[in-house]
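Working notes, beginning with the structure itself.
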Amino acid sequence: MSKTHSHGPIFQNSKLATIAPGRIFFRSKHIDYTQKYAEKLKRKAQEEGVATVEELKAKLLPATQTAFKKVQLQESKPSSTVAESAVEKKGQIKNAEPSAKLHPAPESGSPSLDKLMKLDLIQDLDPESISKIWIQKHMDQEDTISAAVPADTYKKMLSRSKEYPMFLLPLSHGDGVEFYLMQFAFHQVIFTSLLEYKTHGENARPFLTLTHYPELIDSKGIVLMNGSVSTHPRVLTVDQAQILIFGMQQYYVSDHKEKYQLLQDFHKRPDQFSHQKLIDLTEISG
1 MSKTHSHGPI FQNSKLATIA PGRIFFRSKH IDYTQKYAEK LKRKAQEEGV
51 ATVEELKAKL LPATQTAFKK VQLQESKPSS TVAESAVEKK GQIKNAEPSA
101 KLHPAPESGS PSLDKLMKLD LIQDLDPESI SKIWIQKHMD QEDTISAAVP
151 ADTYKKMLSR SKEYPMFLLP LSHGDGVEFY LMQFAFHQVI FTSLLEYKTH
201 GENARPFLTL THYPELIDSK GIVLMNGSVS THPRVLTVDQ AQILIFGMQQ
251 YYVSDHKEKY QLLQDFHKRP DQFSHQKLID LTEISG
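Numbering follows full-length UniProt numbering, in which position 148 of the sequence shown is assigned residue number 148; successive positions increment by one, without gaps.
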C-alpha cells in the first residue's frame with residue numbers, strides 16, 4: 001500500500017478501544033492496568049464529571065456495549081486506493097450474501113481478480129497450481145504478502161467476522177507488547193495500532209490491509225489473498241504483518257474455546273474482556 005487514506009473514516013468509532021492502553025511495556029507476566037493508568041483514569045473521571053474510576057467504568061461500559069452490538073461500517077466515497085475505500089457502505093457486512101455464494105468480485109476500491117490475472121488461462125488449472133502462480137506473482141513485490149486460503153477456512157472467518165467485525169491483537173514490541181486494532185470491511189481487513197487509533201480515532205491510518213478475492217471459491221475451492229503493508233508511514237515489517245495475520249486466524253478460524261470467548265467478550269461483555277488474557281493466549285512473536 002503506497003498511499004494513505006484521505007477521504008472518509010476507516011475505522012468504526014469505539015469507546016472500548018479508546019479506554020484500552022495502546023502500548024504496554026512490562027517486565028513481569030501480570031499487568032495491573034488499573035494501577036498502571038490510575039492517574040489517567042482519574043483525570044478522565046474528572047472530565048466525565050464522576051468521582052471515582054469505578055463510576056467512570058459504570059458510565060462508559062453501557063455505551064460501549066451498545067456500540068459493539070450495533071457495529072456497522074460507515075459510508076465512504078469510492079476511491080482507487082485500497083486505503084481510501086476500505087470501508088464499505090453502511091450495512092454491507094450485515095447484508096452480505098451467505099459465504100457459500102461469495103463468487104462476485106470484492107465490493108471495494110481494490111481491483112477484481114480478472115484485472116490481476118487472466119482467469120481464462122487458469123480455468124483448467126488445479127488449486128495448487130493457481131496458488132503457486134498467485135504467490136509467484138507477488139514474490140518480488142516488497143511490503144506484500146500473498147496466500148491462497150482454503151474455501152472452508154475463509155467461509156468460517158467471514159461468517160465469524162459478520163458477528164464480530166472488530167478485535168484487538170497483541171504484538172511483541174521491544175520489551176513489551178503493542179496492541180493492534182483490526183476491522184473487517186467485507187472482503188478486506190484493516191489493521192492499525194491502538195496507539196494510532198487513540199490519537200486519530202476513526203480516521204486512523206491503516207498500517208496493514210488484507211484484500212481477499214473470492215471469485216474462485218466455488219470453482220476451485222480457494223480464496224486468493226493479498227496483504228499490503230503501508231510504507232507511509234512504515235510501522236510494520238512484513239514479518240510483523242504475518243504475525244498479525246496469524247493472530248487473526250487464531251480468533252476467527254480456530255475452535256479454541258478460550259480464544260473464541262475473548263472475541264465474544266470484546267463485543268458482548270466488554271467489562272469482562274481481559275487484556276492480560278489476550279496476551280497470554282495469543283502467539284505474538286515469530
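Where a beta carbon is used, it is the ideal one built from N, C-alpha and C, also for glycine. It should be emphasised that the depicted structure is a prediction, and the values quoted were computed from it without experimental measurement.
DSSP state of residue i mapped onto helix, strand, coil
| i | result |
| --- | --- |
| P206 | coil |
| T211 | strand |
| P165 | coil |
| K70 | Interpretation of K70 is limited by its pLDDT of 39, a score under 50 that renders its predicted location unreliable; the figure taken from the coordinates is listed afterwards. DSSP places K70 in coil when its eight states are reduced to three. |
| T153 | helix |
| S274 | coil |
| T282 | coil |
| H200 | helix |
| G176 | strand |
| F246 | helix |
| residue 289 | Absent from the model: residue 289. The displayed extent of the chain is 1 to 286, so no value can be given. |
| P170 | strand |
| I122 | helix |
| R27 | Bear in mind that the predicted position of R27 carries a pLDDT of just 29, short of 50, making it too unreliable to give a figure here. |
| V238 | helix |
| Q141 | coil |
| I217 | coil |
| F184 | strand |
| T228 | One detail in the question is off: residue 228 reads as Ser in this sequence, not Thr. Residue state, collapsed to three classes: strand. |
| S129 | helix |
| S159 | helix |
Sub-8 Å separation of residue i and residue j beta-carbons
| i | j | result |
| --- | --- | --- |
| F266 | L168 | yes |
| E215 | L113 | yes |
| L278 | P170 | yes |
| I135 | I245 | no |
| Y260 | H212 | no |
| D143 | V238 | yes |
| F179 | S161 | no |
| L208 | L236 | yes |
| E258 | L224 | no |
Contacts around residue i, its chain only, beta-carbon distance under 7 Å, and the 5 residues preceding and following it disregarded
| i | result |
| --- | --- |
| S131 | A148, I222 |
| Q65 | Because Q65 sits at a pLDDT of 40, beneath the cut-off of 50, its placement in the model cannot be relied upon, and the following sentence gives the value as read from the coordinates. Contacts found: P270. |
| S129 | none |
| Q242 | I145 |
Cutoff 6 Å; reference residue i; Cβ partners in own chain excluding five residues on either side
| i | result |
| --- | --- |
| I284 | P170, L171, S172 |
| F273 | D265, F266 |
| D255 | none |
| K268 | none |
Same chain only: Cβ atoms within 8 Å of residue i, ignoring 5 sequence neighbours per side
| i | result |
| --- | --- |
| K137 | L116, M117, S146 |
Cutoff 8 Å: residue i Cβ touching any chain B Cβ
| i | result |
| --- | --- |
| L116 | The displayed structure is made up of one protein chain only, and chain B is not part of it. |
- Query: Should the stretch 216 to 228 be regarded as contacting the stretch 247 to 261, the criterion being three or more beta carbon pairs within less than 8 Å?
  - Reply: As far as the Cβ criterion goes, the stretch 216 to 228 does not touch the stretch 247 to 261, which means the pair count is below three.
- Message: For the stretch 212 to 224 against the stretch 191 to 199, do three or more pairs of beta-carbon atoms, one drawn from each stretch, fall closer than 8 Å, so that the two count as touching?
- Response: The answer is no - the stretch 191 to 199 does not touch the stretch 212 to 224, with fewer than three Cβ pairs under 8 Å.
- Do the stretch 199 to 218 and the stretch 169 to 177 touch if we need at least three Cβ pairs shorter than 8 Å? With a cut-off of 8 Å on Cβ pairs, the stretch 199 to 218 is not in contact with the stretch 169 to 177, counting fewer than three such pairs.
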